[in-house]
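Q: Handing you this structure, nothing more for now.
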Amino acid sequence: MVEPLFVDTGYVLAYINANDQHHDEALQLEPYFVGHPLVTTDAVLLEVGNALSRSFKTQAVEIIQHFQEAEDVTLIHMNPLLFKDAFDLYQRYRDKEWGMVDCLSFVVMREMKLTTALAFDKHFDQAGFRVLTASS
Numbered sequence: 001m002v003e004p005l006f007v008d009t010g011y012v013l014a015y016i017n018a019n020d021q022h023h024d025e026a027l028q029l030e031p032y033f034v035g036h037p038l039v040t041t042d043a044v045l046l047e048v049g050n051a052l053s054r055s056f057k058t059q060a061v062e063i064i065q066h067f068q069e070a071e072d073v074t075l076i077h078m079n080p081l082l083f084k085d086a087f088d089l090y091q092r093y094r095d096k097e098w099g100m101v102d103c104l105s106f107v108v109m110r111e112m113k114l115t116t117a118l119a120f121d122k123h124f125d126q127a128g129f130r131v132l133t134a135s136s
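In UniProt numbering, the protein residues as written are 1 to 136.
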C-alpha cells in the first residue's frame with residue numbers, strides 16, 4: 001500500500017504562487033506524490049483561503065474544492081477533541097514557533113500514523129516527521 005502524504009498550507013501556497021520562493025520545488029515534487037493518497041485538514045484549507053484571497057482567489061477556490069471533492073484526499077474536520085489535543089501540544093512546546101494549525105496537523109499525522117508531509121517549513125521536521133523534497 002502506498003503511504004498517504006500530509007499536505008501543509010505552505011506547499012499549497014508555493015504550488016499556486018509563482019512568486020513564492022518554493023514554487024519551483026513545489027512543481028518538481030508533483031511527480032513524487034502522484035498515486036499517493038493525500039491528507040489535510042479544514043484548518044489548512046482555511047489558511048490557504050485566507051492567504052490567497054487577495055491575489056489568487058480563483059485558484060484558492062479551485063484547490064479547496066479539489067481537496068473537498070477528490071476521492072484520493074482525506075479531509076479531516078476540526079472537532080472539539082482535535083482542537084483540545086492541538087492546543088495541548090501548542091502549550092507543551094512553548095520553545096517552538098509552531099502555530100496552532102501546525103500542532104493540529106501534527107496531532108492528525110500522529111493519529112493517522114503518517115510520517116511524511118508536503119511542507120516547506122522546519123516545524124514538521126522538528127516534530128519528527130519527514131518532509132518530502134525533490135531530492136528525497
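By construction, the Cβ of each residue, glycine as well, lies at the ideal position given by its N, Cα and C atoms.
1) Going by DSSP, what residues sit across from Phe6 in a beta bridge?
2) Distance, Cα to Cα, Lys115 vs Leu38?
3) Looking only at its own chain, which residues have a Cβ that is under 7 Å from the Cβ of Arg130, when we skip the five neighbours before and after it?
4) May I ask you to verify whether the region 10-19 touches the region 39-56, counting CB pairs closer than 8 Å and requiring at least 3?
5) How many angstroms separate the CA atom of Ser55 from the CA atom of Asp20?
6) Against chain B, with Cβ distances strictly below 9 Å, would Pro4 count as a contact?
7) Which runs of the alpha helix (DSSP H) at least 4 residues long sit entirely within the region 70-97? Give them in chain order.
8) Mind reading off the beta-carbon distance from Gln65 to Leu75? Whole number of angstroms is fine, and I expect it under 8 Å.
9) Go through its chain and collect everything with a Cβ distance to His22's Cβ below 6 Å, but skip five positions before and after it.
10) Taking the DSSP output, what are the residues bridged to Arg130?
11) Grab me the residues of Tyr90's own chain with a C-beta within less than 7 Å of its C-beta, minus the 5 sequence neighbours each way, in chain order.
12) Mapping the DSSP letters down to three states, classify Phe124 as helix, strand or coil.
13) What's the gap between the Cα of Ala60 and the Cα of Pro31?
14) Ignore the nearest five residues each way along the sequence and tell me which others in Val44's own chain have a CB closer than 8 Å to its CB.
A: In terms of the structure at hand:
1) BP columns for Phe6 point to Val39 and Ala117.
2) In the sequence as presented, Lys is not what sits at residue 115; that position holds Thr. Our two residues, Thr115 and Leu38, have alpha carbons roughly 12 Å apart in a direct line.
3) Excluding sequence neighbours, Arg130 sits near Thr115 and Thr116.
4) Yes, the region 10-19 is in contact with the region 39-56.
5) Approximately 13 Å between the Cα atoms of the pair.
6) The structure shown has no chain B; it contains just one protein chain.
7) Within the region 70-97, the alpha helix (DSSP H) runs of at least 4 residues that lie entirely inside it are, in chain order, 80-92.
8) A Cβ-Cβ distance of about 11 Å is found for the pair Gln65 and Leu75, leaving them out of contact under the 8 Å criterion.
9) Cβ within range, chain order: Ala14 and Phe120.
10) Paired residue(s): Thr116.
11) Closer than 7 Å at Cβ, skipping near neighbours: Trp98, Met100 and Cys103.
12) Per DSSP, reduced to three states, the secondary structure at Phe124 is helical.
13) Answer to the nearest angstrom: the Cα atoms are 21 Å apart.
14) Around Val44: Val7, Asp8, Thr9, Val12, Val101 and Ser105.
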